[in-house]
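Undergrad:
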Amino acid sequence: MSKKVTMQQIADHVGVSKFAVSKALAGKSGVSADTRERIIGAATQLGYFAQKRAKVGAARSGAEPAGKADRDTIIVLIPNVRYQNRHSFYWGRIIDGITTGLEEHQIGILIVTEHITDNFAKLINPEGVLGLVGVGLISNQLLLEIRNLGIPFVMVDHEDPLIPSDALFMNNYECMRRVTNYLFGNGHRRIQFVGNTRYSRSFYDRWLGFRSMMEENETPLEQEPELLAFEGENRSEMTEALDAVLGRMAEERRLPTALVCANDSIAICVMTVLARLGIDVPGQVSVTGFDNIDDAALAKPTLSTVHVNKEALGQRAVETLLWRIRHPDGPKERILLSGDFVLRQSTAPCP
Numbered sequence: 002m003s004k005k006v007t008m009q010q011i012a013d014h015v016g017v018s019k020f021a022v023s024k025a026l027a028g029k030s031g032v033s034a035d036t037r038e039r040i041i042g043a044a045t046q047l048g049y050f051a052q053k054r055a056k057v058g059a060a061r062s063g064a065e066p067a068g069k070a071d072r073d074t075i076i077v078l079i080p081n082v083r084y085q086n087r088h089s090f091y092w093g094r095i096i097d098g099i100t101t102g103l104e105e106h107q108i109g110i111l112i113v114t115e116h117i118t119d120n121f122a123k124l125i126n127p128e129g130v131l132g133l134v135g136v137g138l139i140s141n142q143l144l145l146e147i148r149n150l151g152i153p154f155v156m157v158d159h160e161d162p163l164i165p166s167d168a169l170f171m172n173n174y175e176c177m178r179r180v181t182n183y184l185f186g187n188g189h190r191r192i193q194f195v196g197n198t199r200y201s202r203s204f205y206d207r208w209l210g211f212r213s214m215m216e217e218n219e220t221p222l223e224q225e226p227e228l229l230a231f232e233g234e235n236r237s238e239m240t241e242a243l244d245a246v247l248g249r250m251a252e253e254r255r256l257p258t259a260l261v262c263a264n265d266s267i268a269i270c271v272m273t274v275l276a277r278l279g280i281d282v283p284g285q286v287s288v289t290g291f292d293n294i295d296d297a298a299l300a301k302p303t304l305s306t307v308h309v310n311k312e313a314l315g316q317r318a319v320e321t322l323l324w325r326i327r328h329p330d331g332p333k334e335r336i337l338l339s340g341d342f343v344l345r346q347s348t349a350p351c352p
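For the sequence shown, the residue numbers in the working numbering are 2 to 352.
#1: For Leu111, which beta-bridge partners are listed by DSSP?
#2: Starting from Arg335, follow its DSSP beta bridges and name the residues at the other end.
#3: Closer than 7 Å by C-beta to Arg1: which residues in its own chain qualify, once you throw out the five before and the five after it? Chain order, please.
#4: How far does the beta strand (DSSP E) with Asp341 in it reach, from first residue to last?
#5: Would you say the beta carbon of Leu78 is closer than 7 Å to some non-hydrogen atom of the ligand FMN?
#6: Please report whether the beta-carbon of Phe204 lies at a distance below 8 Å from any beta-carbon of chain D.
#7: Give the secondary structure of His308 by DSSP, where H, G and I count as helix, E and B as strand, and everything else as coil.
#8: Would you tell me roughly how many angstroms separate the C-alpha atoms of Leu209 and Tyr174, rounded to the nearest one?
#9: Report the rounded CA-to-CA distance for Ala242 versus Asn218, giving the unit in angstroms.
#10: Between Pro352 and the rest of its own chain, which residues show a CB-CB distance below 8 Å, the 5 nearest in sequence each way excluded?
#11: To the nearest angstrom, report how far apart Val155 and Arg325 are at their CA atoms.
#12: Tell me the DSSP secondary structure of Ser347 in three-state form.
#13: Can you give me the C-alpha to C-alpha distance between Gln346 and Thr303, rounded to a whole angstrom?
#14: Tell me the residue span of the alpha helix (DSSP H) that contains Phe204.
#15: Return yes when the Cβ of Phe121 is within less than 8 Å of the Cβ of Leu143, no when it is not.
#16: Which two residues bound the contiguous alpha helix (DSSP H) that contains Leu26?
#17: In three-state DSSP terms, what is Gly135?
#18: Need the endpoints of the alpha helix (DSSP H) that Thr45 sits in, please.
#19: Go ahead and label Phe20 buried or exposed: buried means 16 or more other beta carbons lie within 10 angstroms of its beta carbon, across all protein chains shown.
#20: Using only the alpha-carbon positions, how far apart do Val195 and Leu247 sit?
#21: If you check the beta carbons only, do Asp167 and Thr45 fall under 8 Å apart?
#22: Taking Cβ to Cβ, would you say Leu133 is nearer than 8 Å to Ile110?
#23: Give me the Cα-Cα distance between His308 and Thr198, rounded to the nearest whole angstrom.
#24: Check Asp244 in the structure and name its three-state DSSP category.
#25: State the DSSP-derived secondary structure class of Asp161, mapped to helix, strand or coil.
#26: Looking only at its own chain, which residues have a Cβ that is under 6 Å from the Cβ of Gly31, when we skip the five neighbours before and after it?
#27: Spell out the partners DSSP gives Val319 in its beta bridges.
#28: Count the other C-beta atoms from every protein chain shown that fall within 10 angstroms of the C-beta of His189, then say buried if there are 16 or more, exposed otherwise.
#29: Give every residue of the same chain whose Cβ lies closer than 8 Å to the Cβ of Ile164, excluding the five residues on either side of it in the sequence, and list them in chain order.
#30: Residue range of the alpha helix (DSSP H) that Ile96 falls in?
#31: Among Leu124, Glu216, Leu338, which one has its Cα closest to the Cα of Phe185?
#32: To the nearest angstrom, report how far apart Gly315 and Cys262 are at their CA atoms.
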């Protein structure tokens with residue numbers, strides 16, 4: 002029988018106090034991000050989480066069959082409620098898909114929207130929870146607490162390198178390669194990406210797909226750095242930020258012939274700015290989006306974009322979670338759903 006891994010061993014391995022290890026592994030504040038990362042890495046390496054998961058599993062199996070019948074709820078965790086909610090063109094559809102999937106299996110749903118960093122267990126009854134679906138960005142601390150509670154969970158459009166879990170994404174990389182390849186087929190060579198690559202894993206994967214196709218076509222990557230780093234919490238703020246960057250590029254005659262945007266909202270903001278500058282889309286500059294939100298078909302011109310089956314993403318998350326509940330020790334999966342390129346009016350052959 003393998004020897005039990007203790008917090009003191011982890012502390013000695015990292016060179017910190019046992020108190021710091023305790024706080025980091027409980028997902029509590031008071032430990033720097035760098036120290037937390039080193040502690041979690043050491044705990045994973047030494048096998049601390051594996052033994053903890055086995056202990057939680059044994060405790061739960063001892064409570065069955067009565068305990069199993071009582072666990073009849075799946076939590077849908079949406080921490081960034083300001084944007085990841087039912088009214089969102091993107092996240093709302095994913096939540097609808099999750100709800101539909103749970104209704105098909107007659108499983109109760111509890112949507113948690115509070116932004117919590119500590120004491121997640123006080124908000125819920127862990128013994129009544131079958132599992133959890135996390136939607137979008139969820140903090141490392143909160144994921145640690147969920148893991149420590151022994152709740153099976155899957156992530157939609159997010160993954161944490163330190164806390165392995167099942168994760169579902171669109172095949173962002175390949176879809177963006179397809180979009181970029183289409184533009185190459187229409188004669189475009191001066192193409193740039195628009196989207197903050199630090200915003201989400203999906204944005205970063207889309208940037209990588211764009212970049213790989215540029216390299217494959219042996220085309221210089223003359224990328225404006227500000228187009229990869231601008232910020233804005235809504236379309237108004239993004240339009241203002243893009244106005245400054247694109248305006249300067251237009252003045253200096255550095256505008257590309259095509260702009261590949263990380264999502265539809267950014268693409269719509271880009272077209273708004275280009276219209277203000279008197280630049281014709283797609284006559285002078287083609288623009289593409291990603292996600293195929295409702296506004297994409299209503300934009301002027303209508304937006305060429307990648308269709309993301311958002312409801313299917315939510316439903317597949319439910320199926321993945323139910324499989325994980327039945328197979329707690331099975332290998333973690335990263336599931337990629339394919340998307341279709343929807344051709345509309347915002348793209349044209351290179352002028």
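Every residue, glycine too, gets a C-beta built ideally from N, C-alpha and C. Small disclaimer: the values here were computed from a predicted structure and weren't measured.
TA: Well, looking at it:
#1: Position 110 of the sequence shown holds residue 111. Leu111 is bridged to Ile76.
#2: Translated into the one-based positions of the sequence shown, residue 335 becomes position 334. BP columns for Arg335 point to Ala168.
#3: The first residue shown for the chain is 2 and the last is 352, placing residue 1 beyond what the model contains.
#4: Taking the sequence shown and counting its residues from 1, one reaches residue 341 at position 340. Residues 341-343.
#5: Within the structure as shown, the ligand FMN is missing, as the structure has no ligands at all.
#6: The structure shown contains no chain D; it holds only a single protein chain.
#7: For the purposes of this step, residue 308 is identified with residue 307 of the sequence shown, where counting begins at 1. Residue state, collapsed to three classes: strand.
#8: As a working note, residue 209 is residue 208 in the sequence shown. As a working note, residue 174 is residue 173 in the sequence shown. Distance between the alpha carbons of Leu209 and Tyr174: 6 Å.
#9: Mapped onto the sequence shown, residue 242 falls at position 241. Mapped onto the sequence shown, residue 218 falls at position 217. Looking at the two C-alpha atoms, the distance is approximately 30 Å.
#10: As a position in the sequence shown, residue 352 is number 351, starting the count at 1. Cβ neighbours of Pro352 within its own chain (closer than 8 Å, five residues either side excluded): Thr258, Gly284, Gln285.
#11: For the purposes of this step, residue 155 is taken as residue 154 along the sequence shown, with counting starting at 1. For the purposes of this step, residue 325 is taken as residue 324 along the sequence shown, with counting starting at 1. For Val155 and Arg325, the distance between alpha carbons rounds to 8 Å.
#12: As a working mapping, residue 347 is identified with position 346 in the sequence shown. Note: Ser347 maps to coil in three-state DSSP.
#13: As a first step, residue 346 must be located in the sequence shown, where it is residue number 345. As a first step, residue 303 must be located in the sequence shown, where it is residue number 302. One C-alpha to the other measures close to 5 Å.
#14: Within the sequence shown, the letter at position 203 stands for residue 204. It spans 202-217 - the alpha helix (DSSP H) in which Phe204 sits, taken as one unbroken run.
#15: The count along the sequence shown starts at 1 and reaches residue 143 at position 142. The count along the sequence shown starts at 1 and reaches residue 121 at position 120. A contact, by the Cβ cut-off of 8 Å.
#16: Taking the sequence shown and counting its residues from 1, the one referred to as residue 26 is at position 25. Element bounds for Leu26: 19-26.
#17: Within the sequence shown, residue 135 is the residue found at index 134, counting from 1. The answer is strand: DSSP assigns Gly135 an E or B state.
#18: Within the sequence shown, numbered from 1, the residue matching residue 45 stands at position 44. Counting along the chain, the alpha helix (DSSP H) containing Thr45 begins and ends at 34-47.
#19: Residue 20 sits at position 19 when you count from the first residue of the sequence shown. It is exposed - the Cβ of Phe20 has fewer than 16 other Cβ atoms within 10 Å.
#20: In the sequence shown, counting from the first residue as 1, residue 195 sits at position 194. In the sequence shown, counting from the first residue as 1, residue 247 sits at position 246. Our two residues, Val195 and Leu247, have alpha carbons roughly 11 Å apart in a direct line.
#21: Position 166 of the sequence shown, counted from the first residue, corresponds to residue 167. Position 44 of the sequence shown, counted from the first residue, corresponds to residue 45. No, these two residues do not count as a Cβ contact at 8 Å.
#22: Taking the sequence shown and counting its residues from 1, the one referred to as residue 133 is at position 132. Taking the sequence shown and counting its residues from 1, the one referred to as residue 110 is at position 109. Pairing Leu133 with Ile110 gives a Cβ-Cβ distance that is not under 8 Å.
#23: On the sequence shown, position 307 is the one that residue 308 refers to. On the sequence shown, position 197 is the one that residue 198 refers to. Within the model, the alpha-carbon separation for His308 versus Thr198 is close to 20 Å.
#24: Counting from one through the sequence shown, the residue named residue 244 turns up at place 243. Secondary structure of Asp244 (DSSP, three-state): helix.
#25: Locating residue 161 in the sequence shown gives position 160, counting from the first residue. In the structure shown, Asp161 sits in a strand (DSSP, three-state: E or B).
#26: By 1-based counting over the sequence shown, the position of residue 31 is 30. Excluding sequence neighbours, Gly31 sits near Lys24.
#27: Working through the sequence shown from its first residue, we reach residue 319 at position 318. Its beta-bridge partners do not exist; DSSP assigns none.
#28: Against the sequence shown, residue 189 aligns to sequence position 188. His189 sits buried, since 16 or more C-beta atoms from the chains shown fall within 10 Å of its C-beta.
#29: Mapped onto the sequence shown, residue 164 falls at position 163. Contacts found: Ile41, Asn141, Leu144, Leu145, Arg148.
#30: The count along the sequence shown starts at 1 and reaches residue 96 at position 95. Run containing Ile96: 92-105, per the alpha helix (DSSP H) assignment.
#31: Position 184 of the sequence shown, counting from 1, holds the residue named residue 185. Looking from the CA of Phe185, the closest CA among Leu124, Glu216, Leu338 belongs to Glu216.
#32: On the sequence shown, position 314 is the one that residue 315 refers to. On the sequence shown, position 261 is the one that residue 262 refers to. Computed Cα separation, rounded: 24 Å.
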